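What follows is a set of notes on a single structure, which appears directly below.
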Amino acid sequence: MGFSGTDEVATSRMDLAKTALGGKVKVRLAEGTLDTQQLLSQIATGDPPDLIYIGRDRIGSLAARNALIPLEDCIAGEAIDTGDFIPSALSQVTLNDKVYGIPEFNVVQITMANADLLRQANVSITDVNGSDRTAMSVAAKSIYSLEGRNSDLIGVDSKIPEFLPLWVKAAGADMMSKDGRTARLDSKEAIDSLAWAANIYEEQGGFSRIKSIRDSADTFGEGNQFASGTLGVMPMEQWYINTLNSVTPNAPMVFDTVRNLKGHTIAFASGSAWAIPKGSKNAPAACRWARVMTSTAAWKKAASTRLADRKKEGGDFTGLLTGNQTADREIRTMVTAASMPWSSAVDAMYEANDHTFSMPANPADAEFTAAWQEAVGKVLNKEIPAKQALGEAQETAQKALDAAWTIMDRGN
């Protein structure tokens, strides 16, 4: 449930997993986004799916509801080496020292920019990688000042609300304690980061203008914002490198990692995981599927398949971030993007992958996320200032965490 095997990276690994299960096990995919309430209802009625595919940021609340089984026996029985997984990915699926998911994929951010627009505005990539917020704000206005040439021009997109955790961490703080029990939404670093990121939009006509342009953009086509010269700079997930390289290989791009205020690379990691619901009727087979799908051998096969497809198309293979460190190292040697700017994009992607953090697993992940995202929305809509918005969010988030942890601790 929740998995869609629609591309070569999925189908090539599925073939291996099906072989490992043998002919007696039937595999049926229930595609689409996992519906949490539907899953809980299925568990309550004793008819859950055998295996689910879910965002790692949702593992904590499901585990706290006793909806998932701990995977210690699965990991031991299938000899899964958890040391292969990126630490930030494994921590996202670990609650109270118990592992509830097998990580798959890793999503990180890098700085992407249109080199022509930077040059016209007399801006360098180091001005916009996040290490100097004053320089980045000035760059946003400088690029935006070229708007007379294009009314849809965005100088810098700071990508909030999605990337607020990235900017807060870059300022030296965390939005939650490492044990997942204490919200830290109202720190000075969080308030300053939100105010700064929101002001970047204000200096370019306001968030409504930015969002309207962003929503109408041809993100996955030849008319994407970078290729059409309507976007100067944006931190973006690494998978977009492959999109840009495929549809607009001649776009005037320049890349860097996102950097903290000390100039060091940083990335906010996310991804998916395989988890086994309570009451699964075939947990051993589910575990084997998860093990094979995330194995180094499966990832190498997926990379080889994509590489072959890209060669047929006359394009570059820009790598994969799998969540498996061993697989990542081996796949990087297969990358064919050897010329600029794509080689620098790949370098930035792998560097970011080596410097990740994630939000700790916790039993109130949905409520916590909703609290800070609603705060960002209030600031972007100019309802209240950042300090007030995050102060209110802090109170809401902490109440949710306290209530959820109390219930979970009683259960243990």
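Under the working numbering, the letters of the sequence shown match residues 2 to 413, in that order.
C-beta atoms are modelled at their ideal positions from N, C-alpha and C, and glycine is treated no differently.
These figures come from a predicted structure and were not determined experimentally.
- Following the DSSP letters along the chain, one finds residue 409 inside the alpha helix (DSSP H) bounded by residues 387-412.
- Separation of residue 349 and residue 159 (C-alpha to C-alpha, rounded to the nearest whole angstrom) is 18 Å.
- In the three-state DSSP reduction, residue 54 falls in the strand class (E or B).
- The shortest C-alpha to C-alpha distance from residue 294 to any of 14, 10 and 7 is the one to 14.
- With 16 or more other Cβ atoms inside 10 Å of its own Cβ, residue 271 counts as buried.
- When the beta-carbon positions are compared, residue 181 and residue 363 come within less than 8 Å of each other.
- Counting only the Cα atoms, residue 217 lies some 10 Å from residue 211.
- With fewer than 16 other beta carbons inside 10 angstroms of its own, residue 28 counts as exposed.
- Scanning the region 155-179 from its first residue to its last, the whole alpha helix (DSSP H) runs of 4-plus residues come out as 165-171.
- Taking every protein chain shown into account, the CB of residue 137 has 16 or more other CB atoms within 10 angstroms, so this residue is buried.
- Distances from the CA of residue 110 to each of 286, 135 and 235 were compared; the closest alpha carbon is that of 235.
- About 20 Å separates the Cβ atoms of residue 324 and residue 164, ruling out a contact at the 8 Å cut-off.
- Under DSSP, the beta-bridge partners assigned to residue 69 are 278.
- For residue 104, the enclosing beta strand (DSSP E) covers residues 103-108.
- Listed as beta-bridge partners of residue 114 by DSSP are 234 and 255.
- Sequence-distant Cβ neighbours of residue 292 in its own chain, meaning closer than 6 Å and more than five residues away, are 79 and 81.
- Listed in chain order, the non-local C-beta contacts of residue 117 below 6 Å within the same chain comprise 253, local neighbours out to five positions each way being set aside.
- Non-local C-beta neighbours of residue 131 in its own chain, meaning closer than 6 Å and more than five positions away in sequence, comprise 171, 259 and 260, ordered along the chain.
- For residue 283 and residue 184, the gap between their C-alpha atoms comes out near 38 Å.
- Taking a contact to require three or more Cβ pairs closer than 8 Å, the region 334-352 and the region 305-317 qualify as touching.
- Here residue 276 is near residue 69, since their CB atoms are less than 8 Å apart.
- Note that the C-beta distance between residue 398 and residue 367 is not below 8 Å.
- With respect to the C-alpha of residue 407, the residue from 17, 245 and 65 having the closest C-alpha is 65.
- Boundaries of the alpha helix (DSSP H) harbouring residue 246: 240-248, taken from the DSSP string.
- Rounded to the nearest whole angstrom, the CA to CA distance from residue 396 to residue 18 is 45 Å.
- Secondary structure of residue 263 (DSSP, three-state): coil.
- Distances from the alpha-carbon of residue 62 to those of 256, 365, 262 and 112 put 365 closest.
- Contact between residue 60 and residue 274 holds: their C-beta atoms lie close to 6 Å from each other, under 8 Å.
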